[in-house]
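Asker: The structure under discussion is supplied below as C-alpha cells; questions concerning it will follow.
Number of protein chains: 2
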Amino acid sequence: MVVMPTKDQLLDCAEHFARTRGFDAFSYADLSKEIGIQKASIHYHFATKADLATALIERYAARFADDLTRISDRRGTAAEDLKAYLGLYKEALSQGSRICLCVSFSAARDSFDDKTLAHLNRFHRDSLAWLARVFDKAGADASIPGLIADPKDEAHSILSLVEGAQLISRAARSDAPYDHAVQPLLRRLS
Amino acid sequence: MVVMPTKDQLLDCAEHFARTRGFDAFSYADLSKEIGIQKASIHYHFATKADLATALIERYAARFADDLTRISDRRGTAAEDLKAYLGLYKEALSQGSRICLCVSFSAARDSFDDKTLAHLNRFHRDSLAWLARVFDKAGADASIPGLIADPKDEAHSILSLVEGAQLISRAARSDAPYDHAVQPLLRRLS
DNA sequence: GTCTATAGACTGATAGAC
DNA sequence: GTCTATCAGTCTATAGAC
Numbered sequence: 002m003v004v005m006p007t008k009d010q011l012l013d014c015a016e017h018f019a020r021t022r023g024f025d026a027f028s029y030a031d032l033s034k035e036i037g038i039q040k041a042s043i044h045y046h047f048a049t050k051a052d053l054a055t056a057l058i059e060r061y062a063a064r065f066a067d068d069l070t071r072i073s074d075r076r077g078t079a080a081e082d083l084k085a086y087l088g089l090y091k092e093a094l095s096q097g098s099r100i101c102l103c104v105s106f107s108a109a110r111d112s113f114d115d116k117t118l119a120h121l122n123r124f125h126r127d128s129l130a131w132l133a134r135v136f137d138k139a140g141a142d143a144s145i146p147g148l149i150a151d152p153k154d155e156a157h158s159i160l161s162l163v164e165g166a167q168l169i170s171r172a173a174r175s176d177a178p179y180d181h182a183v184q185p186l187l188r189r190l191s
Numbered sequence: 002m003v004v005m006p007t008k009d010q011l012l013d014c015a016e017h018f019a020r021t022r023g024f025d026a027f028s029y030a031d032l033s034k035e036i037g038i039q040k041a042s043i044h045y046h047f048a049t050k051a052d053l054a055t056a057l058i059e060r061y062a063a064r065f066a067d068d069l070t071r072i073s074d075r076r077g078t079a080a081e082d083l084k085a086y087l088g089l090y091k092e093a094l095s096q097g098s099r100i101c102l103c104v105s106f107s108a109a110r111d112s113f114d115d116k117t118l119a120h121l122n123r124f125h126r127d128s129l130a131w132l133a134r135v136f137d138k139a140g141a142d143a144s145i146p147g148l149i150a151d152p153k154d155e156a157h158s159i160l161s162l163v164e165g166a167q168l169i170s171r172a173a174r175s176d177a178p179y180d181h182a183v184q185p186l187l188r189r190l191s
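In order, the protein sequences belong to chains A and B. Taking the working numbering, the leading residue of the first sequence gets 2, the next gets one more, and so forth. Taking the working numbering, the leading residue of the second sequence gets 2, the next gets one more, and so forth.
Rendered as C-alpha cells:
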C-alpha cells in the first residue's frame, strides 16, 4: 500500500466524483467526508474550486496523451491503433460507469473559467490530431477499408462516436449501448 | 405576439437554461428574474425542481417523437430520413449552442429521480427504434451503400455520433466539429 | 395565482490557533 | 498542513396573506 500525498488523494477523489456525478454535483464537503480531512484543509491544496478544476483537467489530458503515445509507439496498423483507442474509452466505462472527464466537463462547460476551458479544448484538439494521423496512416497501409472522407472529418466522427456512446451508456447504466455503437466501426477494422 | 400561460413560459425558459447551462446550473431564482415572477410563485406551477425536470423531459420527448414521425411521413428513402435526422440535431445547435435536452440530462444523470430517468431512457429507446427502422428500410431501398452491420448497431452508432458531436461543438463554441463529424456519413448518403 | 417573509440546509471561502 | 469556527451567499421549499 503506497502512502499517497493528500493532494493526489484529493485529485483522485475529485476525478472520480466528476466522472460519475459531474463537476457541479460534488462539493468540498463530499471530498472532506471521503478523504477524512476538514473542508478548510482542502482549500490549502486548492484555494478555489476553479483551481481544482484546472488541476483535474490538466492531469487528465496529460495522462490521456501518454496513453495515445503508448498506442502509437507500438507501430501497428491504423486499424490496430483505432481498436486500441476504442478500448481506452470502453475501459473507462467498465470501471464503474466513469465517463471521460472531458465528456463530463464539456457537458458543464459554463461552470468553468477560461483557463480550464483552454485545457479542455486542448484535449479535444490533441485527440483529433492523433486520430487524423491514424487516418493518414490508414491511407498508406490500407488497413481501414471503405475510407472516402477526409482524415480530419473521420477524426471528428470517431471522437463524437466514443464520447456520445459513453454518455448514452452511462444514462442507461449499461455497457451495451457503447458496444453496439462501436460495432459498425469494428466490423470495418477486422 | 401570443400571450403565453406562465407555466409554458417557465417550461420554455427552463428548457433553454437546461440546454445551454445544464439542469443543475440554473435555479428558481434564475427563472424568477427571467420571467418576472417571484420564486415562490414558481413552486405553484412546479412544486419541486424534480417535477420541473420530469415535465421538461416529457414535453421534449413528445415533441421530438413528433419530429421523427413527421420525417417518416414524408415516405422518402432511408438516406433522406437520415439526412433529415442529422438536420434536427444541427438545427438545435445552430440556435444558440443548444444541445439536445437528453444530452444535457444524460450528463447529469445522478441529479434526477427514477421518474425523470424513465422518460430519458424512453427518449433513447424511441430514437434507437426509429433509427433501426430507417436502417431496415435502407436494407430494402439500398439508399445507404456499404451497410454491413446490424440495424440496431447502426442505430446506436448514429445516436452516439450526433449526441457526441453536439457536445464537442458546444464545448468548442462552434458548429464546425458537428459538421466535420457528420461528413463521413453524409458522403455515404449523397 | 401571485405575493412577502422565512426556514433550514448547503455552498465555497476565510481567519487565526496549533 | 491541519484544525475549529465562522462568514456571506445561495439553494429548494413552505406558510400564510391577498
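Glycine included, every Cβ here is placed at the ideal spot set by N, Cα and C.
Residue 31(B) CB to nearest chain A CB: under 7 Å?
Answerer: Along the second sequence, read from residue 1 onward, the residue named residue 31(B) stands at position 30. No, residue 31(B) does not count as interfacial toward chain A.
Asker: In whole angstroms, what separates the C-alpha of residue 114(A) from that of residue 51(A)?
Answerer: Residue mapping note: residue 114(A) aligns to position 113 of the first sequence, counting from 1. Residue mapping note: residue 51(A) aligns to position 50 of the first sequence, counting from 1. Near 7 Å, if we compare the C-alpha coordinates of residue 51(A) and residue 114(A).
Asker: How is residue 37(A) classed by DSSP in three states: helix, strand or coil?
Answerer: In the first sequence, residue 37(A) corresponds to position 36, counting from 1. If DSSP states are grouped into helix, strand and coil, residue 37(A) belongs with coil.
Asker: So, does the CB of residue 168(A) fall closer than 7 Å to a CB anywhere in chain B?
Answerer: Along the first sequence, read from residue 1 onward, the residue named residue 168(A) stands at position 167. Yes, contact with chain B.
Asker: Quick check on residue 71(B): does DSSP put it in helix, strand or coil?
Answerer: Locating residue 71(B) in the second sequence gives position 70, counting from the first residue. Three-state DSSP puts residue 71(B) in a helix.
Asker: What residue from 175(A), 131(A), 117(A) has the CA that sits closest to residue 68(A)'s CA?
Answerer: In the first sequence, residue 68(A) corresponds to position 67, counting from 1. Answer by Cα proximity: 131(A).
Asker: Go to residue 178(B), then tell me how far its alpha helix (DSSP H) extends in each direction, as first and last residue.
Answerer: Locating residue 178(B) in the second sequence gives position 177, where the first residue counts as 1. 177–190 is the span of the alpha helix (DSSP H), which, as asked, contains residue 178(B).
Asker: On the criterion of 16 or more Cβ atoms from any shown chain inside 10 Å, does residue 45(B) qualify as buried, or is it exposed?
Answerer: Looking up residue 45(B) in the second sequence gives position 44. Answer is exposed; the Cβ neighbour count stays below 16.
Asker: Would residue 185(A) pass as an interface residue toward chain B - the criterion being a Cβ-Cβ separation below 7 Å?
Answerer: Here residue 185(A) refers to the residue found at position 184 of the first sequence. By this cut-off, residue 185(A) is an interface position.
Asker: Answer with yes or no whether the minimum CB distance from residue 157(B) to chain A is below 7 Å.
Answerer: Numbered from its first residue, the second sequence carries residue 157(B) at position 156. Taking Cβ atoms only, chain A reaches closer than 7 Å to residue 157(B), which makes this a yes.
Asker: According to the Cβ coordinates, are residue 94(B) and residue 170(B) closer than 7 Å?
Answerer: Along the second sequence, one-based indexing puts residue 94(B) at 93. Along the second sequence, one-based indexing puts residue 170(B) at 169. Yes. Within cutoff.
Asker: Strictly under 7 Å for the Cβ-Cβ distance: is residue 144(A) near chain B by that measure?
Answerer: Against the first sequence, residue 144(A) aligns to sequence position 143. No, no contact with chain B.
Asker: Check distances from the C-beta atoms of the region 71–104 of chain A to those of chain B and list, in chain order, the residues that come in under 7 Å.
Answerer: Against chain B - using a Cβ distance shorter than 7 Å - the residues of the region 71–104 of chain A are 104.
Asker: Using Cβ-Cβ distances below 7 Å, what residues of the region 108–131 of chain A are close to chain B?
Answerer: Going along the region 108–131 of chain A in chain order, one finds 108, 109, 110, 111, 112, 121, 122, 125 with a Cβ nearer than 7 Å to chain B.
Asker: Can you say whether residue 39(B) is buried or exposed, counting buried as having 16 or more other CB atoms within 10 angstroms of its CB?
Answerer: For the purposes of this step, residue 39(B) is taken as the residue at position 38 of the second sequence. The residue is exposed, with fewer than 16 neighbouring Cβ atoms inside 10 Å.
Asker: Would you identify the three-state DSSP class for residue 101(B), choosing helix, strand or coil?
Answerer: Counting from 1 along the second sequence, the entry for residue 101(B) is found at position 100. Here residue 101(B) sits in coil by DSSP.
Asker: Is it true that the CB of residue 108(B) sits closer than 7 Å to the CB of residue 108(A)?
Answerer: To locate residue 108(A), count along the first sequence from 1; it is residue 107. To locate residue 108(B), count along the second sequence from 1; it is residue 107. Yes, these two residues count as a Cβ contact at 7 Å.
Asker: Tell me whether the region 136–156 of chain B and the region 171–191 of chain A touch, counting them as touching only if at least three CB pairs, one residue from each stretch, are closer than 8 Å.
Answerer: With the cut-off at 8 Å, the region 136–156 of chain B and the region 171–191 of chain A touch.
Asker: So, for residue 1(B): in the same chain, excluding its five sequence neighbours on each side, which residues have a beta-carbon less than 8 Å away from its beta-carbon?
Answerer: Because chain B is modelled from 2 through 191, residue 1(B) falls outside the range shown and cannot be assessed.
Asker: Here's the rule I'm using: 16 or more other beta-carbon atoms within 10 Å means buried, otherwise exposed. How should residue 15(B) be labelled?
Answerer: Here residue 15(B) corresponds to residue number 14 of the second sequence, with the count starting at 1. Under this definition residue 15(B) is a buried residue.
Asker: Just checking: is the beta-carbon of residue 149(B) within a distance shorter than 7 Å of some beta-carbon in chain A?
Answerer: Residue numbering aside, residue 149(B) sits at position 148 when the second sequence is read from its first letter. Interface residue, yes.
Asker: Are there 16 or more other CB atoms within 10 angstroms of the CB of residue 34(A), so buried, or fewer, so exposed?
Answerer: Indexing the first sequence from 1 puts residue 34(A) at position 33. Exposed, by the Cβ-count rule.
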